[in-house]
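Number of protein chains: 2
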Amino acid sequence: MTTEERINLQRQLVETLGRINEHDGMQPVAGRIFALLMVMDKENFTFDEIVEELNISKSSASIAIKMLQIRGLIEYFTLPGDRKRYFRIKRHEPFKLFEEFKNKMVEKHKNWQQIIALKADPESKNSKYLKELCFILEFFQESVEKLRVQYDQLKK
Amino acid sequence: MTTEERINLQRQLVETLGRINEHDGMQPVAGRIFALLMVMDKENFTFDEIVEELNISKSSASIAIKMLQIRGLIEYFTLPGDRKRYFRIKRHEPFKLFEEFKNKMVEKHKNWQQIIALKADPESKNSKYLKELCFILEFFQESVEKLRVQYDQLKK
DNA sequence: ATTTTGGTTCGTTTACTTGCGAACTAAAAA
DNA sequence: TTTTTAGTTCGCAAGTAAACGAACCAAAAT
Chain A
788 MTTEERINLQ RQLVETLGRI NEHDGMQPVA GRIFALLMVM DKENFTFDEI
838 VEELNISKSS ASIAIKMLQI RGLIEYFTLP GDRKRYFRIK RHEPFKLFEE
888 FKNKMVEKHK NWQQIIALKA DPESKNSKYL KELCFILEFF QESVEKLRVQ
938 YDQLKK
Chain B
788 MTTEERINLQ RQLVETLGRI NEHDGMQPVA GRIFALLMVM DKENFTFDEI
838 VEELNISKSS ASIAIKMLQI RGLIEYFTLP GDRKRYFRIK RHEPFKLFEE
888 FKNKMVEKHK NWQQIIALKA DPESKNSKYL KELCFILEFF QESVEKLRVQ
938 YDQLKK
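Those protein sequences? They're chains A and B, same order as listed. In our numbering, each residue carries its 1-based index in the first sequence increased by 787. In our numbering, each residue carries its 1-based index in the second sequence increased by 787.
(1) Give me, in chain order, the residues of the same chain whose beta-carbon lies closer than 6 Å to that of A:Ala848; leave out the 5 immediate sequence neighbours on both sides.
(2) Are the C-beta of A:Met825 and some C-beta of chain B separated by less than 9 Å?
(3) Less than 6 Å between C-beta atoms, sequence neighbours within five positions excluded: which residues of the same chain meet that for A:Leu841?
(4) Relative to the C-alpha of B:Ser844, which candidate in B:Lys829, B:Val816, B:Val801 has its C-alpha closest?
(5) Going by the CB atoms, is the gap between B:Gln901 and A:Leu800 shorter than 9 Å?
(6) Classify B:Ala907: buried if its beta carbon has 16 or more other beta carbons within 10 angstroms, exposed otherwise.
(7) Tell me the DSSP secondary structure of B:Asp908 in three-state form.
(8) For the ligand SAH, is there any heavy atom lying closer than 8 Å to the beta carbon of A:Asp828?
(9) Could you say which of A:Gln940, A:Arg872, A:Arg798 lies nearest to A:Met827 if we only look at CA atoms?
(10) Please list, in chain order, the chain A residues whose beta carbon lies closer than 9 Å to that of B:Glu862.
(11) Got a sec? Which residues, its chain only, sit under 8 Å from A:Thr865 by beta carbon, not counting five neighbours each side?
(12) Buried or exposed: B:Ser930, going by 16 or more other Cβ atoms within 10 Å of its Cβ?
(13) Inspect the beta-carbon positions of A:Arg862 and A:Ile876 and report whether they are closer than 9 Å.
(14) Under DSSP, the beta strand (DSSP E) around A:Phe834 begins and ends at which residues?
(15) Excluding the 5 residues flanking A:Lys918 on each side, which residues of the same chain have their C-beta closer than 7 Å to its C-beta?
(16) Determine the burial state of A:Asn808: buried for a count of at least 16 other Cβ atoms within 10 Å of its Cβ, exposed for fewer.
(17) Along chain A, which residues have their Cβ under 8 Å away from the Cβ of B:Ala907?
(18) Please list the terminal residues of the continuous alpha helix (DSSP H) segment that includes B:Phe882.
(19) Identify every residue that forms a DSSP beta bridge with A:Ile861.
(20) Nearest chain A C-beta to B:Pro815 closer than 9 Å, yes or no?
So this is what it looks like as structure tokens:
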């Protein structure tokens, strides 16, 4: 595989993953920018490089980049004597993947507790079902703590 | 708290959770229907009851209900000699909550592997980061199997 | 002091989504 | 046979979101 072939495949993958990111709730341009920063060999893109590589307007790029930064998905650095911003993906501690899922589950747990609290019949099918769901979420929350310890030991 | 007060609070909660469901990628009407079936004491709603309770048109209800069924979030049953459909939330095995998360992670793992496969430098920062992410996903996939066993024992 | 660089903000256009009512359908009831 | 019930489908109107170009701005270079 020549370098050029590889870069073409990477560009295709940016498009594919961009669409997947869209499906995950990103707007199209943002999804492609994020995919670009993940996929390409170049790890630090300037604003203009992003605009050129994706053939998008500066305004679309500006808005999408702002959003990706707010969401904590990308970040930038600057070099002394160089006004350009260099954007790259923000690399998080891997375990954060589950912390985030856990946080979502904590929210769901709260919502379900609210529903339960308002039920006339705590023995109704839905009440029981919701309680079961809450129970498993509590089990999961504890498990995440344990998994974190296991994972840290595994890494050593 | 009187019955009426409770029902009013439930209606408010339907609106609140409906908006949360919207945020989770459901269209407004669908989000409210799903919340309605979760929150209210009545567990089985006919089509017309849904339409009346939420003050929506039959067409909107029809489309949203179809979608919720396809997504596996609600289901209906019928009674002999009664043409109405009775809709209710589809109660899944609780552990499915994590199976679904695991499936999403399997997808992510595939995508990241594709990215890694196209990298020129397997020792670049992004390559290493992606490999780390893949590693933790593999760890997590194994853990889910173990958690399932633990959970089943806990239930006994 | 003027121009260039590196973006941001604004206003408009275009495309898509949402929801409605009206018309329609298939089965059951009258 | 006609009417009623229980929805579905279609076409339209209104609202929303995405993306663009043009104008703008602040800092650096000339």
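Ideal Cβ placement from N, Cα and C applies to all residues, glycine included. Just so you know, these numbers come straight off a predicted model, no measurement behind them.
Let me lay it out:
(1) Within the first sequence, the letter at position 61 stands for residue 848 of chain A. Once the five neighbours on either side are set aside, the close Cβ partners of A:Ala848 are Ile837, Val838.
(2) To locate residue 825 of chain A, count along the first sequence from 1; it is residue 38. Yes - at least one Cβ of chain B is within 9 Å of the one on A:Met825.
(3) Within the first sequence, numbered from 1, the residue matching residue 841 of chain A stands at position 54. Correct list, in chain order: Arg819.
(4) Here residue 844 of chain B corresponds to residue number 57 of the second sequence, with the count starting at 1. The candidate whose alpha carbon is nearest that of B:Ser844 is B:Val816.
(5) Position 13 of the first sequence, counting from 1, holds the residue named residue 800 of chain A. Position 114 of the second sequence, counting from 1, holds the residue named residue 901 of chain B. It is a contact, given that the beta carbons lie within the stated cut-off.
(6) Counting from 1 along the second sequence, the entry for residue 907 of chain B is found at position 120. Exposed.
(7) Mapped onto the second sequence, residue 908 of chain B falls at position 121. Coil.
(8) Among the components of this structure there are no ligands whatsoever, and the ligand SAH is therefore not found.
(9) Position 40 of the first sequence, counted from the start, is the residue given in the question as residue 827 of chain A. Checked all of A:Gln940, A:Arg872, A:Arg798; the closest Cα to A:Met827 is A:Arg798.
(10) By 1-based counting over the second sequence, the position of residue 862 of chain B is 75. None at all; the shortest Cβ gap to chain A is about 13 Å.
(11) On the first sequence, residue 865 of chain A is found 78 positions in, with the first residue counted as 1. Excluding positions up to five away in sequence, the list reads Lys871, Arg872, Tyr873.
(12) For the purposes of this step, residue 930 of chain B is identified with residue 143 of the second sequence, where counting begins at 1. Label assigned to B:Ser930: buried.
(13) Working through the first sequence from its first residue, we reach residue 862 of chain A at position 75. Working through the first sequence from its first residue, we reach residue 876 of chain A at position 89. Residue identity differs from the one stated: residue 862 of chain A is Glu in this sequence, not Arg. Contact flag set, yes.
(14) Within the first sequence, numbered from 1, the residue matching residue 834 of chain A stands at position 47. A:Phe834 -> not in any beta strand (DSSP E); alpha helix (DSSP H) instead, spanning 834-841.
(15) Translated into positions along the first sequence, residue 918 of chain A becomes position 131. Within the same chain, A:Lys918 has close Cβ partners Ile903.
(16) Position 21 of the first sequence, counted from the start, is the residue given in the question as residue 808 of chain A. When all chains shown are included, A:Asn808 counts as buried.
(17) Counting from one through the second sequence, the residue named residue 907 of chain B turns up at place 120. Ordered by position in chain A, the residues that pass the 8 Å Cβ test against B:Ala907 are Thr790, Arg793, Asp828.
(18) Position 95 of the second sequence, counted from the start, is the residue given in the question as residue 882 of chain B. Premise fails: B:Phe882 is in no alpha helix (DSSP H) and is neither H nor E.
(19) Position 74 of the first sequence, counted from the start, is the residue given in the question as residue 861 of chain A. Looking at the DSSP assignment, A:Ile861 forms a beta bridge with A:Ile876.
(20) In the second sequence, residue 815 of chain B corresponds to position 28, counting from 1. Closer than 9 Å: no.
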